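Undergrad: Numbering (the working numbering), first residue to last: 48 to 508. All C-beta atoms, glycine included, are put in the ideal place defined by N, C-alpha and C. The model shown is predicted, which means the values in this text are computed figures rather than measured ones. Would you mind keeping the following structure in view while I ask a few things?
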Amino acid sequence: MPTTQRRMKIGINMVQNGGHNSGWRHPDANAGIANDFKGYAKIIKQAEAQKIDFMFLADGAAVRIPHKDADELSRHGHIDRFEPITLLAAMSAVTESIGLICTASTTYNEPYALARKFASLDHISDGRAGWNVVTGWSEEEAMNFGRDTLMEHSERYERANEFFDVVTGLWNSWDDDAFVRDKDEGRYFRPEGMHLLNHKGKHYQVRGPLNLERSPQGYPVIAQAGGSGPGRELGARIADIIYTGQKDKEIAKEFYADMKARVAAAGRDPAQVMIMPGIMPIIGATEEEAQAKLDELKALVHPEVGLQLISKMFGDLSAYDPDELVPLPLPESNGVKSAIEQWERRLRETPMTIRQVYEEISISSGHNVCCGTVEQIADVMQDWFEDGACDGWNLMAPYMPGGAEDFINLLVPELRRRGLAQSEYEGGTLRARLGLEAKPNPLAGRVSESSESEEAIAVSH
């Protein structure tokens, strides 16, 4: 039976071969899981058996680790990855209920192609698709798409807003019941059920319609993770899920309150937008065992790897002793501005050595590492959830598969025992299961001028 108790939303963040950059070196790791579909599928089937809401794939269309040559790069584990929509389409065939969310950039895609891909994934998965909207942050991606440098931050977000409006406009190309496929009358769709977009904006010109009927969810679930001012504004306007990376509960509460206020200011219901920080549980039978596991993971980080990983946010610190304090202020960046601002604030309050910083970032990409027993970690998650710091969590594993299996089979059942995690999937689509409102076509039932065009639609065979 449906429950009225507020529950955590829980996702599993499938970061290539683990959230820890050097986790592939762990004795129990499947070092090649980043290109092992069966290995991924085994983990996600276990997550589905524990009724985890969704799996999430972050992505970047490049090897995004700064390096001077292949020898330097060769120590890093986050190199290879599947194209995420392809992977999720395959995953939909071996799962039934778990949501399937992945990243796709508004800077390095075209709106029509991306609208079609996510609508297709939503159909193939019976309404389980989700799109994590990002603008991209690396020079390496820019150089793979005809640019010498990363597009300026404000322009990336200006394009992202228009891109999203084009994509959702294309998802509204057809009424839900437009395709009648009436064999007797010989009519495939109702003419009044088609809506041409005819978008002509600053960055995009897209005619439409989308050559695919409206998908089960109308719009796939929308996630977003930008923490800068423009990023927060975009998230407040479009997102169902806000990913974030706070490590301090008070900072997380500030972010939570700010985003809920921005959502309300955008004319949306704050209860319909979920704030979900990342967390990497390191689980032991005792606190001492968990700490020993964490120390073992930290020891896997080669100093060259650590210094390279933090160079984009902290600059080149190779001339410093790793046990010196991080020098402040941090350098300006056109990349992930919110992460730099958060680190600057944190280091002013609690100075850390260069080694401490790169060990922390290496192990979880700056997300919250929670080390302890199942009960201790569940206590932290429950405290944040009940104290206005989050609506749920994205669970990250330091390595695969064992790091993921620990929290799937130990932590999630403990959360369920406390009444915080769901016991069954409820609802026919990912939107329904997350308690999100349906997305009916706002153009349904009315014939717009854009339904007619002086230009004939090309016919393909």
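Count the other CB atoms, across all protein chains shown, that sit within 10 Å of the CB of Lys540; report buried if there are 16 or more and exposed otherwise.
TA: This structure does not reach residue 540, given that the chain is present from 48 up to 508, and the question cannot be answered.
Undergrad: If we count the other Cβ atoms within 10 Å of its Cβ and call it buried at 16 or more, is Asn258 buried or exposed?
TA: By the 10 Å Cβ count, Asn258 comes out exposed.
Undergrad: Does DSSP put Arg175 in a helix, in a strand, or in coil?
TA: If DSSP states are grouped into helix, strand and coil, Arg175 belongs with coil.
Undergrad: Quick one: what's got a C-beta closer than 7 Å to Arg395's C-beta in the same chain, skipping five residues either side?
TA: These residues qualify, in order along the chain: Leu375.
Undergrad: Can you tell me which residues form a DSSP beta bridge with Arg234?
TA: Answer by DSSP bridge pairing, in chain order: Asp229.
Undergrad: From the DSSP secondary-structure annotation, give me the bridge partner or partners of Cys437.
TA: Answer is none; Cys437 lacks a bridge partner.
Undergrad: Under 8 Å Cβ to Cβ from Lys89, same chain only, skipping five residues before and after it: list those, please.
TA: Hits under 8 Å: Pro448.
Undergrad: Just to confirm the assignment, what range does the beta strand (DSSP E) spanning Ala270 have?
TA: Val268 to Gln271 is the extent of the beta strand (DSSP E) around Ala270.
Undergrad: With H, G and I counted as helix, E and B as strand and the rest as coil, what does DSSP make of His73?
TA: Residue state, collapsed to three classes: coil.
Undergrad: Report the rounded CA-to-CA distance for Ile330 versus Ser121, giving the unit in angstroms.
TA: Roughly 30 Å separates the two Cα atoms.
Undergrad: Taking 8 Å as the threshold (C-beta atoms), are Ser262 and His549 in contact?
TA: Examination of residue 549 is not possible in this model, given that the chain is present from 48 through 508 alone.
Undergrad: Which runs of the alpha helix (DSSP H), 4 residues or longer, sit entirely within the segment 459–488?
TA: Here the runs fully enclosed are 459–464 and 477–480.
Undergrad: Return helix, strand or coil for Phe101, following the three-state DSSP convention.
TA: It is a strand residue.
Undergrad: Hey, could you find the ends of the beta strand (DSSP E) Asn60 is sitting in?
TA: Note, Asn60: beta strand (DSSP E), Lys56 to Asn60.
Undergrad: Considering only C-alpha positions, which residue in the set Tyr405, Pro460 and Asp75 is nearest to Ile424?
TA: It is Pro460.
Undergrad: Gln469 and Leu98 - do their beta-carbons sit closer together than 8 Å?
TA: The question names Leu, but residue 98 is Lys in the sequence shown. Cβ distance < 8 Å, so Lys98 and Gln469 count as in contact.
Undergrad: Thinking C-alpha only, which one of Lys340, Thr400, Leu341 and Ile410 is nearest Val352?
TA: Closest by alpha carbon: Ile410.
Undergrad: Could you tell me whether the segment 73–91 touches the segment 160–168, where touching means 3 or more Cβ pairs closer than 8 Å?
TA: Too few Cβ pairs lie closer than 8 Å, so no.
Undergrad: Can you list, in chain order, the residues of its chain whose CB lies under 8 Å from that of Arg53, leaving out five sequence neighbours each side?
TA: Cβ neighbours of Arg53 beyond the five flanking positions: none.
Undergrad: With distances taken from CA atoms, which of Thr476, Gly466 and Met443 is nearest Val62?
TA: Among Thr476, Gly466 and Met443, the Cα nearest to that of Val62 belongs to Met443.
Undergrad: Please list the terminal residues of the continuous beta strand (DSSP E) segment that includes Tyr405.
TA: Taken as a continuous stretch (DSSP letters only), Tyr405 belongs to no beta strand (DSSP E), being part of the alpha helix (DSSP H) at Ile401 to Ser411.
Undergrad: Taking C-beta to C-beta, are Leu244 and Leu281 nearer than 8 Å?
TA: No, the Cβ-Cβ distance between Leu244 and Leu281 is not below 8 Å.
Undergrad: What residue range does the alpha helix (DSSP H) around Gly509 cover?
TA: Coverage of the chain is limited to positions 48 through 508, which leaves residue 509 absent and any answer about it impossible.
Undergrad: Would you mind stating whether Ala160 and Leu168 have Cβ atoms separated by less than 8 Å?
TA: Cβ distance not < 8 Å, so Ala160 and Leu168 don't count as in contact.
Undergrad: Give me the Cβ distance between Gln293 and Pro324, rounded to the nearest whole Å; I'm assuming they're in contact under 8 Å.
TA: Yes, Gln293 and Pro324 are in contact; Cβ-Cβ is about 5 Å, under 8 Å.
Undergrad: What residues are listed by DSSP as bridge partners for Asn415?
TA: Answer is Ile326, bridged to Asn415.
Undergrad: Going by other Cβ atoms of all chains shown within 10 Å of its Cβ, with 16 needed for buried, is Ser201 buried or exposed?
TA: By the 10 Å Cβ count, Ser201 comes out exposed.
Undergrad: Ignore the nearest five residues each way along the sequence and tell me which others in Phe226's own chain have a CB closer than 6 Å to its CB.
TA: Phe236 and Glu260, listed in sequence order.
Undergrad: DSSP state of His200, grouped into three classes?
TA: It is helical.
Undergrad: If the criterion is Cβ atoms closer than 8 Å, does the pair Gly58 and Asn441 meet it?
TA: Cβ atoms of Gly58 and Asn441: closer than 8 Å.
Undergrad: Give me the Cα-Cα distance between Glu499 and Met241, rounded to the nearest whole angstrom.
TA: Any answer about Glu499 is weak, because its pLDDT of 47 lies below 50 and its placement is not dependable; what the coordinates show is given next. So the alpha carbons of these two residues sit roughly 9 Å apart.
Undergrad: Write down the C-beta distance between Ala313 and Ala283 rounded to the nearest angstrom, noting that I regard them as a contact closer than 8 Å.
TA: Right, their Cβ atoms sit about 5 Å apart.
Undergrad: Which of the three DSSP states, helix, strand or coil, is assigned to Thr215?
TA: Looking at Thr215 - three-state DSSP - the assignment turns out to be helix.
Undergrad: Can you tell me whether His170 is helix, strand or coil according to DSSP?
TA: Helix.
Undergrad: Considering Thr303, what are the terminal residues of the alpha helix (DSSP H) in which it resides?
TA: Rather than Thr, the amino acid found at residue 303 in this sequence is Tyr. First-last of the alpha helix (DSSP H) with Tyr303: Lys296 to Ala312.
Undergrad: So what does Leu442 bridge to, in DSSP terms?
TA: Leu442 pairs with Ile59 and Ile326.
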